[in-house]
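Notes to accompany the following structure.
Number of protein chains: 2
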Amino acid sequence: MAKRATQNDVAKLAGTSTAVVSYVINNGSRPVAPETRKRVLEAIKQTGYRPNNAARALLTGKGTTFGVVVPDLANPFLAHMLQSIEDEFYDHGYSLLVADSHDCLKREEDIIETMMSQQVAGLVWYSVDQPPPAHLLKDFARPVVFANACTPTDTGEVAGQRISVLEDERGSAAELTRELKKRGCRTIGHLGGPRGRINSAERSRGWFDALDDGSDGNPEDHPHHLSAPYTYEGGWQMAEHFVNLGCDGVVVSNEMQAVGLMARLASLGVRIPDDISVVAMHITAHAEYCVPALSGIHVDMADLSAQIATSLLGSGAAATIVPTTYFVERASC
Amino acid sequence: MAKRATQNDVAKLAGTSTAVVSYVINNGSRPVAPETRKRVLEAIKQTGYRPNNAARALLTGKGTTFGVVVPDLANPFLAHMLQSIEDEFYDHGYSLLVADSHDCLKREEDIIETMMSQQVAGLVWYSVDQPPPAHLLKDFARPVVFANACTPTDTGEVAGQRISVLEDERGSAAELTRELKKRGCRTIGHLGGPRGRINSAERSRGWFDALDDGSDGNPEDHPHHLSAPYTYEGGWQMAEHFVNLGCDGVVVSNEMQAVGLMARLASLGVRIPDDISVVAMHITAHAEYCVPALSGIHVDMADLSAQIATSLLGSGAAATIVPTTYFVERASC
DNA sequence: CTGTTAGCGCCTTCAT
DNA sequence: ATGAAGGCGCTAACAG
Numbered sequence: 626m627a628k629r630a631t632q633n634d635v636a637k638l639a640g641t642s643t644a645v646v647s648y649v650i651n652n653g654s655r656p657v658a659p660e661t662r663k664r665v666l667e668a669i670k671q672t673g674y675r676p677n678n679a680a681r682a683l684l685t686g687k688g689t690t691f692g693v694v695v696p697d698l699a700n701p702f703l704a705h706m707l708q709s710i711e712d713e714f715y716d717h718g719y720s721l722l723v724a725d726s727h728d729c730l731k732r733e734e735d736i737i738e739t740m741m742s743q744q745v746a747g748l749v750w751y752s753v754d755q756p757p758p759a760h761l762l763k764d765f766a767r768p769v770v771f772a773n774a775c776t777p778t779d780t781g782e783v784a785g786q787r788i789s790v791l792e793d794e795r796g797s798a799a800e801l802t803r804e805l806k807k808r809g810c811r812t813i814g815h816l817g818g819p820r821g822r823i824n825s826a827e828r829s830r831g832w833f834d835a836l837d838d839g840s841d842g843n844p845e846d847h848p849h850h851l852s853a854p855y856t857y858e859g860g861w862q863m864a865e866h867f868v869n870l871g872c873d874g875v876v877v878s879n880e881m882q883a884v885g886l887m888a889r890l891a892s893l894g895v896r897i898p899d900d901i902s903v904v905a906m907h908i909t910a911h912a913e914y915c916v917p918a919l920s921g922i923h924v925d926m927a928d929l930s931a932q933i934a935t936s937l938l939g940s941g942a943a944a945t946i947v948p949t950t951y952f953v954e955r956a957s958c
Numbered sequence: 626m627a628k629r630a631t632q633n634d635v636a637k638l639a640g641t642s643t644a645v646v647s648y649v650i651n652n653g654s655r656p657v658a659p660e661t662r663k664r665v666l667e668a669i670k671q672t673g674y675r676p677n678n679a680a681r682a683l684l685t686g687k688g689t690t691f692g693v694v695v696p697d698l699a700n701p702f703l704a705h706m707l708q709s710i711e712d713e714f715y716d717h718g719y720s721l722l723v724a725d726s727h728d729c730l731k732r733e734e735d736i737i738e739t740m741m742s743q744q745v746a747g748l749v750w751y752s753v754d755q756p757p758p759a760h761l762l763k764d765f766a767r768p769v770v771f772a773n774a775c776t777p778t779d780t781g782e783v784a785g786q787r788i789s790v791l792e793d794e795r796g797s798a799a800e801l802t803r804e805l806k807k808r809g810c811r812t813i814g815h816l817g818g819p820r821g822r823i824n825s826a827e828r829s830r831g832w833f834d835a836l837d838d839g840s841d842g843n844p845e846d847h848p849h850h851l852s853a854p855y856t857y858e859g860g861w862q863m864a865e866h867f868v869n870l871g872c873d874g875v876v877v878s879n880e881m882q883a884v885g886l887m888a889r890l891a892s893l894g895v896r897i898p899d900d901i902s903v904v905a906m907h908i909t910a911h912a913e914y915c916v917p918a919l920s921g922i923h924v925d926m927a928d929l930s931a932q933i934a935t936s937l938l939g940s941g942a943a944a945t946i947v948p949t950t951y952f953v954e955r956a957s958c
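These protein sequences, in sequence, are chains A and B. Start counting the first sequence at 626; every next residue gets the next number (our numbering). Start counting the second sequence at 626; every next residue gets the next number (our numbering).
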């Protein structure tokens, strides 16, 4: 095992000191004579030297790595988000530590702890529950983005900057409902996520707002409201219920659910959109290739990740991020 | 910014030395008096101490992080693979550094370099091209899994252990083709990945084997062979060509392509499987919820990641991994 | 402009 | 069973 070359090796070969090598690497931190720089670069090439990030992180207390925590890597929306964020951070020379909480609070806790241990320079946290257990971040003196905040997260007194992504999920769900109404749907149901989650509740509330059918109280208690996990299977299971309820339109809170629901409707011989229209929150490229193509709310992910990167890397600018979203009409409604 | 507690703080509070704290953490590296251990654990809790992984990595030269490199995080197959690997490594207390090469060689190179800089303890590498540019790993004295090796990767003399995932893609593609024949398909086309990639060529070869129509030469030159990127769009674009070629069956080399292809066929009014049957390589949970449900080759991902983790963590056991695959029949054929 | 030096937090001999 | 001390590779002072 050929040991990896160190700054020392390079310095020796270039006939200079390790400090100068450091200056050359961190291009521009200190002026270096062009001739010396050249010798150093040559020596680096010769030895195949690569800086040791662990050492740098130890010294500066700040790694070149950001952490990303999501509840389900196999969810196309989150996969897309991850990809987009990775892209952005790659451009800035940072790496990503990625973890999947599997929608489990206990595991999420563990992951956050580990990330802190790993000296990440910051965190993107798509939390399982809302509001996120921000106390886990106590004296984590690095910026954190709450990727699914919905509502400003009260983080109290903390060490590092805290940024919330404030998407108007309620407004979007209402918009979807109105789009269905506009197309003549009379009985519009809603498929929400697991009960008790605040972001799911926001979407239910939006649907309820636009329904405006005179009913009152908790949207989740409305007869046309159903709940399921954010999975294909979840949507599949609920499809028949909507048919039985006599719905001619469904607002689905998640793309995976919508795909499962449409597949089941097809197998039941229910026509989309003739018999039932379907629209969904947070659709991805996948939606365009459903049969029929799925309509719904799109998030401008490139824009969102750019904003996330900016706040995480920049000097503590905006404390909230508002994603750009828009309704995309396709054949499903 | 409350500075994070160090071993020193813990030692002081427990009235002992940092060495003992270290012993306690690395449970069992050295015997510690039960009573002392208790005091130390108490002090850890009090101070909120968390080991600094950067320091550990610097000292031992080996981090608690593994790298994963894939060409497209938004590809459901790869997303599933990533999730499965993450799961496995989480269980063993390791974190994952994830990067997306975007199917770009230049970027892949860069990523590999970065990962080495980050002192990863090993690498899972789903390479853009085949064979992978293994020279990038020169004197990387850690285990590496070539996740899409197809054929044993000749790595010459290297520092660390090199493991190849040898899936019989050729055999699987042939199996798919035979399944279509069995169902009465007469003119079976193949949609391959980008030309020139060896793993795509393997699949084409398998289709060609089973076609057995007396034609000769390079499968990619067969009139019923088409190529497209591994995307939804790629499949969509090619659908009409297969219709024009008079195909009544298509073996698709990738799930995303298959989804795009089926969507386009539906929009053309072509019935699946009555007019054309479709089968695909490397399908995921998604396939079950296509309309119609997509048939194809499934990879036992839990098994695969377990094997990957074992070889990466274990003491240099198997140098090759053979994934378990099986054909799943659904409505698309 | 360049060299010297002092640690960052941790683990691992070597003593005790 | 425990403590003291050295050093992993690097950067940030501080000299020159």
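Beta carbons: idealized from backbone N, C-alpha and C, even for Gly.
Straight-line Cα distance separating residue j from residue i
i, j, result
"GLY785(B)", "TRP750(B)", "14 angstroms"
"SER888(A)", "GLU667(B)", "Residue 888(A) is actually Ala in this sequence, not Ser. The alpha-carbon atoms of ALA888(A) and GLU667(B) are separated by roughly 55 angstroms."
"ILE737(B)", "ASP754(B)", "14 angstroms"
"SER642(B)", "ASN633(B)", "8 angstroms"
"PRO777(A)", "SER752(A)", "14 angstroms"
"VAL665(B)", "THR631(B)", "13 angstroms"
"ARG655(A)", "LEU761(A)", "38 angstroms"
"ASN678(B)", "LEU698(B)", "27 angstroms"
"ILE901(B)", "ASP873(B)", "4 angstroms"
"ALA682(A)", "GLN743(A)", "10 angstroms"
"ASN824(B)", "ASN773(B)", "8 angstroms"
CA nearest to the CA of residue i, picked from the options
i, options, result
"ARG795(A)", "VAL635(A), SER840(A), ARG828(A)", "ARG828(A)"
"GLY688(A)", "LEU684(B), LYS807(B), ALA680(B), THR685(B)", "ALA680(B)"
"PRO844(B)", "PRO854(B), THR856(B), GLY831(B), ALA853(B)", "GLY831(B)"
"TYR648(A)", "THR641(A), GLY640(A), VAL657(A)", "VAL657(A)"
"HIS866(B)", "VAL895(B), ASP838(B), ALA931(B), PHE702(B)", "VAL895(B)"
"GLY817(A)", "PRO848(A), LYS807(A), VAL745(A), PRO701(A)", "PRO848(A)"
"ILE922(A)", "CYS958(A), ASP900(A), ALA931(A)", "CYS958(A)"
"VAL790(A)", "LEU801(A), LEU748(A), ALA766(A)", "LEU748(A)"
"PHE702(A)", "ASP764(A), GLN882(A), ASN652(A), PRO757(A)", "GLN882(A)"
"GLU913(B)", "TYR855(B), VAL884(B), THR661(B), ARG767(B)", "VAL884(B)"
"PRO768(A)", "CYS775(A), SER709(A), VAL745(A), PRO777(A)", "VAL745(A)"
"ALA759(A)", "GLU734(A), MET740(A), GLN743(A)", "GLU734(A)"
"ASP846(B)", "GLY860(B), GLY821(B), THR856(B), VAL723(B)", "GLY821(B)"
"CYS915(B)", "ILE897(B), GLN671(B), GLN932(B)", "ILE897(B)"
"VAL693(B)", "PHE952(B), ALA956(B), SER930(B), ILE946(B)", "SER930(B)"
"ILE946(B)", "ALA910(B), MET926(B), GLU800(B), GLY718(B)", "MET926(B)"
"ARG808(A)", "THR739(A), GLY860(A), VAL904(A)", "VAL904(A)"
"GLN671(A)", "PHE771(A), LYS806(A), ALA636(A), PHE765(A)", "ALA636(A)"
Chain A residues whose Cβ lies nearer than 8 angstroms to that of residue i
i, result
"SER638(B)", "One detail in the question is off: residue 638(B) reads as Leu in this sequence, not Ser. Those do not exist, as LEU638(B) stays about 17 angstroms from chain A at its closest Cβ, beyond 8 angstroms."
"TRP861(B)", "TYR914"
"ARG675(B)", "GLU738, MET741, SER742"
"GLY885(B)", "TYR914"
"ALA934(B)", "Here the premise fails: no neighbours, minimum Cβ distance about 15 angstroms."
Contacts of residue i in chain A (Cβ-Cβ under 9 angstroms)
i, result
"HIS705(B)", "LEU698, ALA699"
"TYR857(B)", "ALA910, HIS911, GLU913, TYR914"
"THR682(B)", "Before going further, note that residue 682(B) is Ala rather than Thr in the sequence given. Chain A residues near ALA682(B): ASN677, ASN678, ALA679, ALA680, ALA682, LEU683."
Per DSSP, cross-strand counterpart(s) of residue i
i, result
"ALA905(B)", "VAL877(B), GLY921(B)"
"ARG787(A)", "VAL769(A)"
"GLY653(A)", "Bridge partners of GLY653(A): none, in fact."
"VAL951(B)", "Note on residue identity: the sequence assigns Tyr, not Val, to residue 951(B). Answer is HIS923(B), bridged to TYR951(B)."
"LEU937(B)", "Its beta-bridge partners do not exist; DSSP assigns none."
"ILE946(B)", "VAL790(B)"
"GLY747(B)", "PHE691(B)"
Under 8 angstroms by beta carbon: chain B residues contacting residue i
i, result
"GLY688(A)", "ALA679"
"SER720(A)", "LEU722, ALA724, THR739, MET740, GLN743"
"ALA864(A)", "Neighbours of ALA864(A) on chain B: none; closest Cβ ~11 angstroms, over 8 angstroms."
Neighbour list for residue i in chain B, Cβ cutoff strictly below 7 angstroms
i, result
"ARG896(A)", "Residues of chain B passing the Cβ test: none, with the nearest at roughly 12 angstroms."
Amino acids of chain B, ordered along the chain, whose beta-carbon sits closer than 9 angstroms to that of residue i
i, result
"GLU711(A)", "LEU698, VAL723, ALA724, ASP725"
"ARG629(A)", "GLY686, MET741, ASP764, PHE765, ALA766"
Within chain A, the residues that residue i reaches when beta carbons sit closer than 7 angstroms
i, result
"GLN708(B)", "LEU698, ALA699, ASP725"
Contact test: residue i Cβ vs the ligand MG heavy atom, cutoff 8 angstroms
i, result
"THR643(A)", "Only the bare structure without any ligand can be found here, which leaves the ligand MG out of the picture."
What runs of the alpha helix (DSSP H), each 4 residues or longer, lie entirely inside the segment 688-732 of chain A? 701-716
Start-end ranges of the beta strand (DSSP E) lying completely within the segment 811-891 of chain A, minimum 3 residues: 813-817, 850-852, 874-877
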